[in-house]
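A.B. asks: There's a structure below that I have some questions on.
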Amino acid sequence: MKEFKGRVLAGGNWKGEAVVSKGGVNTLATFQKSALKNADKVIVSDQNNKDIYGLNITGKALCLPITIGSTTGGLVIQTVCAMKINPACFLFSEHIDSLAASGIVLAKVWENSDVIAIDMLGKEFLETVKTGDTIEVKEDGTVIVN
């Protein structure tokens, strides 16, 4: 068990499974196909992200350094939150980028989403957590990797 402390952007308590991307996550490429199909879950469609391609990330902790890609990133996050097929948590090792932050804020305010976002968890966080690990998130920004 290892504990990390980050900055809370959208708080909450949660426990569940981690899905880990060591590289930046392209939000458009990751979420677009599932959103356009009006799917009941997100199966990652970004073929360039070998860490998470083909995995179901709905209701899981998406552990990542940062999001990358299209300027539609925030809208895509808001959309999957509105559809209730979003990851339960976005756990960033680095500072959150402005596009992901905007999508999470819009999802919280306009969609009444319970999505959690914590950033600045540190490089060691991504070196420690593995896909399939159980993650526990606390309201104060504490993330426990089991």
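Numbering (my numbering), first residue to last: 3 to 148. Just so you know, even glycine gets a beta-carbon here, dropped at the ideal spot from N, CA and C.
Please report the residue range of the alpha helix (DSSP H) in which residue 130 lies.
C.D. replies: 125-130
A.B. asks: Ordered along the chain, which non-local residues of its own chain (more than five positions away) have a Cβ less than 6 Å from that of residue 105?
C.D. replies: Closer than 6 Å at Cβ, skipping near neighbours: 76, 79 and 80.
A.B. asks: Between the alpha carbons of residue 146 and residue 5, how many angstroms are there, rounded?
C.D. replies: Taking the straight line joining both Cα atoms gives about 4 Å.
A.B. asks: Measure the beta-carbon distance from residue 8 to residue 120 and round it to whole angstroms, keeping in mind my assumption that it falls under 8 Å.
C.D. replies: 4 Å
A.B. asks: Could you tell me the distance, in whole angstroms, from the CA atom of residue 41 to the CA atom of residue 134?
C.D. replies: 23 Å
A.B. asks: Mind pulling the beta strand (DSSP E) runs of 3 or more residues that sit fully within the segment 9-64?
C.D. replies: Listed in chain order, the complete beta strand (DSSP E) runs (minimum 3 residues) inside the segment 9-64 are 9-12 and 16-22.
A.B. asks: Who are the Cβ neighbours of residue 59 in its own chain at under 7 Å, not counting the five residues just before and after it?
C.D. replies: 21, 44, 46 and 89
A.B. asks: Using the C-alpha atoms, what's the distance from residue 142 back to residue 51?
C.D. replies: Straight through space, the alpha carbons of residue 142 and residue 51 are spaced by roughly 30 Å.
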